[in-house]
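Chains U and F, in that order, are what the protein sequence lines are. Using the working numbering, the first residue of the first sequence is number 1, and each one after it goes up by one. Using the working numbering, the first residue of the second sequence is number 356, and each one after it goes up by one. We put the CB at the ideal spot given by N, CA and C, even for glycine. First the structure, in the form of structure tokens, and then the observations on it.
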Amino acid sequence: MAEKILMKGNEAIGEAAVVAGCKYYFGYPITPQSELIEYMAKRLPEVGGTFLQAESEIAAINMVYGAAGAGGRVMTSSSSPGMSLKQEGISYIAAAELPCVIVNIMRGGPGLGGIQPGQADYFQATKGGGHGDYHVIVVAPNSVQEMAELTIHAFNLADQYLNPVMILGDGALGQMMEPASFHDMPVIAVEKPWATTGMGERSEPNIINTLQLKPEMLEQANNRLQKKYALLQEKETRWEEIHTEDAELILVAYGIASRIAFTAVEMARSEGLKVGLFRPITLWPFPKAALANAVRKAIAVLTVELSAGQMVEDVSLAIQCAKPVHFYGRTGGMIMSPKEIYEQIIKIFETKGGK
Amino acid sequence: MVEKLFARPDSLVDVATHYCPGCQHGIIHRLVAEVIDELEIQKTAIGVVPVGCSVLAYNYFNVDTQQAAHGRAPAVATGIKRVHPDKVVFTYQGDGDAAAIGTAEMVHAAARGERITAIFVNNAIYGMTGGQLAPTTLVDQVTATSPYGRQSSSAGWPIRLSEMLATLDGAKFIARVCVNDPANMAKAKTAIKTAFQVQIRGEGFAMVEVLATCPTNWGKSPIEAKKWLKENMIPQFPLNVYKNIQG
Numbered sequence: 001m002a003e004k005i006l007m008k009g010n011e012a013i014g015e016a017a018v019v020a021g022c023k024y025y026f027g028y029p030i031t032p033q034s035e036l037i038e039y040m041a042k043r044l045p046e047v048g049g050t051f052l053q054a055e056s057e058i059a060a061i062n063m064v065y066g067a068a069g070a071g072g073r074v075m076t077s078s079s080s081p082g083m084s085l086k087q088e089g090i091s092y093i094a095a096a097e098l099p100c101v102i103v104n105i106m107r108g109g110p111g112l113g114g115i116q117p118g119q120a121d122y123f124q125a126t127k128g129g130g131h132g133d134y135h136v137i138v139v140a141p142n143s144v145q146e147m148a149e150l151t152i153h154a155f156n157l158a159d160q161y162l163n164p165v166m167i168l169g170d171g172a173l174g175q176m177m178e179p180a181s182f183h184d185m186p187v188i189a190v191e192k193p194w195a196t197t198g199m200g201e202r203s204e205p206n207i208i209n210t211l212q213l214k215p216e217m218l219e220q221a222n223n224r225l226q227k228k229y230a231l232l233q234e235k236e237t238r239w240e241e242i243h244t245e246d247a248e249l250i251l252v253a254y255g256i257a258s259r260i261a262f263t264a265v266e267m268a269r270s271e272g273l274k275v276g277l278f279r280p281i282t283l284w285p286f287p288k289a290a291l292a293n294a295v296r297k298a299i300a301v302l303t304v305e306l307s308a309g310q311m312v313e314d315v316s317l318a319i320q321c322a323k324p325v326h327f328y329g330r331t332g333g334m335i336m337s338p339k340e341i342y343e344q345i346i347k348i349f350e351t352k353g354g355k
Numbered sequence: 356m357v358e359k360l361f362a363r364p365d366s367l368v369d370v371a372t373h374y375c376p377g378c379q380h381g382i383i384h385r386l387v388a389e390v391i392d393e394l395e396i397q398k399t400a401i402g403v404v405p406v407g408c409s410v411l412a413y414n415y416f417n418v419d420t421q422q423a424a425h426g427r428a429p430a431v432a433t434g435i436k437r438v439h440p441d442k443v444v445f446t447y448q449g450d451g452d453a454a455a456i457g458t459a460e461m462v463h464a465a466a467r468g469e470r471i472t473a474i475f476v477n478n479a480i481y482g483m484t485g486g487q488l489a490p491t492t493l494v495d496q497v498t499a500t501s502p503y504g505r506q507s508s509s510a511g512w513p514i515r516l517s518e519m520l521a522t523l524d525g526a527k528f529i530a531r532v533c534v535n536d537p538a539n540m541a542k543a544k545t546a547i548k549t550a551f552q553v554q555i556r557g558e559g560f561a562m563v564e565v566l567a568t569c570p571t572n573w574g575k576s577p578i579e580a581k582k583w584l585k586e587n588m589i590p591q592f593p594l595n596v597y598k599n600i601q602g
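This is how it looks when you write it as structure tokens:
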């Protein structure tokens, strides 16, 4: 598929999953991600894969656990309220160190919330979400093309690190249409000798398990996970910087908010204001060192999110509170305009960085 | 020449189990393992074990096994079966697992006609957590969370899972058995074997409900427990083949 295809973000994730060799999808419909489950329902049978609409998000994520443990390349998707239901299974998948891809096309919350875009699942996605000390790898695309690319990257990372990987999008990215191409994306194949495939020629059974009744053993298992997370923090952070070299004010935003923030940065630059954009692509591991480096010469930082300010904590920690961190956000499915952000930029410059 | 007439099944690991004296999980494990041996599916079987007393069954069954979250074994088994439709996938679950927290997963696996075999051990109480009310607890039965006996006015009535699942088109074999004496053990084994054969023939969902004792949490000796099961549980949960649709 060398040409570019005009498609929705949700569909781009689906097609990229097929390109990545995903053969199994288990999910439950929820707006604004339903195009993805519908795409998989149509597309997977065409490539000899299996689509199954589960009775709930809880069942779906546990089907993913079973399929991943059985060695399948598997994906599920949902939106915010559905992701809350999946958290039990995600904790188990992280504990069992099974590879899978989980898509969250976020909407406004809390509770049933609405069906318009939001980014208020940041804490849930990056800080665990379920019980226990664990992390999923979280990647945050900001275009339809990147939704495709990061989906393939997500499958590769999941298999390489035996860890669930979440694609954290939002209702705007899921619904919007842009051209996407699916060629020249490397798919890494990984052997899975640990999978439960039936013993076959093996003399010992393979066991997928998350129970460790002995505290010493459970601590060892936790230590092993933490070692993997440290490796991920060292090797797998991704980010993008635009006009940060000389910037006095650095905007930090991801996903759809980064597109709006970028327009605001251009407005500011056209007025001679030295403003740059730092966009984390991996939200966990968060590109701490890169952000700390990017803001060295700046006088202040402005975090922009479709939430009440969840990423602000990671931004402040990354720069060790060395600079004032301002925040601008909208919630409930409201999307800010570039002008709203521009006005925040002006305010910060008027107070010389502010406090 | 000496011929060995009775031995541990290959599908059962040679270790002592953790089960309480008089608990019948050991018998049921053995019957499942004997069936796996006789059907020659040890190398192709994949088990899914629950949360509850039998959570450690992965240490006892000598087959590939996944341990599932509480109640989710049928969903996990579904995921495995869809990846390996040619393998034999079974769940082993208790009554809290299959008839309370995981009822939805059990009902929908059956409704889909998921080609898996469920072994459902019903002892009318929560064992591992220390003897609390189960969905299968009998009316007036005393448990840690029904200290005055189960009151139907507030806690409702016991669930008959076999009868419920037998109404679903996707369920092809549903039976309730018990293992309180050798004759019933033989019947239980026949039912378990049939439930695996239904899957092997690709016909649909199969479940065997096995009534079992919990002397520790019932506060009875193993012999008293067997008597209590016969006199109280069987009238509430009649032994029967509730569904047997072949082909």
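- For residue 151 of chain U, the number of other beta carbons within 10 angstroms of its own is at least 16, and it is reported as buried.
- Residue 276 of chain U is bridged by DSSP to U/250.
- The Cβ of residue 442 of chain F sits closer than 8 Å to at least one Cβ of chain U.
- In terms of Cα proximity to residue 345 of chain U, the closest of U/233, U/267, U/50 and U/163 is U/267.
- Here residue 503 of chain F is exposed. Its C-beta has fewer than 16 other C-beta atoms within 10 Å.
- Boundaries of the beta strand (DSSP E) harbouring residue 27 of chain U: 24-27, taken from the DSSP string.
- Straight-line spacing of the CA atoms in residue 531 of chain F and residue 517 of chain F works out to 7 Å.
- Annotated three-state conformation of residue 100 of chain U is strand, per DSSP.
- Note on geometry: alpha-carbon atoms of residue 492 of chain F and residue 565 of chain F lie some 15 Å from one another.
- A straight-line Cα-Cα distance of about 26 Å links residue 5 of chain U and residue 239 of chain U.
- Using a 10 angstroms sphere on the CB of residue 59 of chain U, the tally of other CB atoms reaches 16 or more, which defines it as buried.
- In the three-state scheme derived from DSSP, where H, G and I count as helix and E and B as strand, residue 429 of chain F is classed as helix.
- Here DSSP, grouped into helix, strand and coil, assigns residue 156 of chain U to helix.
- At a C-beta separation below 9 Å, residue 37 of chain U has no neighbours in chain F, since its nearest C-beta there lies roughly 16 Å away.
- If you draw a straight line from the Cα of residue 248 of chain U to the Cα of residue 300 of chain U, it is about 7 Å long.
- With distances taken between CA atoms, residue 126 of chain U lies nearest to U/136 out of U/136, U/117, U/132 and U/120.
- At a cut-off of 8 Å between C-beta atoms, residue 90 of chain U does not count as an interface residue with respect to chain F.
- Under the DSSP definition of a beta bridge, residue 562 of chain F partners with F/473 and F/529.
- Going by C-alpha positions, residue 313 of chain U is about 20 Å away from residue 141 of chain U.
- Fully enclosed beta strand (DSSP E) runs of no fewer than 3 residues occupy 50-53 and 74-78 of the stretch 39-89 of chain U, in order along the chain.
- DSSP lists U/303 as the beta-bridge partner residues of residue 327 of chain U.
- Within the stretch 40-64 of chain U, the residues whose Cβ lies closer than 9 Å to any Cβ of chain F are, in chain order, 50, 52, 54, 55, 56, 58, 59, 60, 61, 62, 63 and 64.
- Taken in chain order, the members of the stretch 192-222 of chain U whose beta-carbon sits within less than 7 Å of a beta-carbon on chain F are 196, 197, 198, 199, 200, 205, 206, 207, 208, 209, 210 and 211.
- The alpha helix (DSSP H) runs lying completely inside the stretch 124-207 of chain U and spanning 4 residues or more are 144-161 and 171-175, given in chain order.
- Looking at the DSSP output, residue 6 of chain U shares a beta bridge with U/179.
- The C-beta of residue 171 of chain U comes no closer than 8 Å to any C-beta of chain F.
- Residue contact with chain U for residue 448 of chain F: absent (no Cβ-Cβ distance below 8 Å to any residue of chain U).
- Shown here for residue 392 of chain F: same chain residues with a beta carbon closer than 7 Å to its own, the five before and five after excluded, namely 364, 365 and 366 in chain order.
- DSSP places residue 479 of chain F outside both helix and strand once states are collapsed to three, so it counts as coil.
- Boundaries around residue 545 of chain F are those of the alpha helix (DSSP H), 537-555, since no beta strand (DSSP E) includes it.
- Under the three-state reduction of DSSP output, residue 349 of chain U falls in the helix class.
- Contact of residue 72 of chain U with chain F by beta-carbon distance below 7 Å involves 438.
- Contact between the stretch 86-100 of chain U and the stretch 45-54 of chain U is absent, with fewer than three C-beta pairs closer than 8 Å.
- Around the Cβ of residue 231 of chain U, a 10 Å sphere holds fewer than 16 other Cβ atoms; the residue is exposed.
- Taking a C-beta cut-off of 9 Å against chain F, none of the residues of the stretch 155-168 of chain U qualify.
- Note on geometry: alpha-carbon atoms of residue 260 of chain U and residue 337 of chain U lie some 7 Å from one another.
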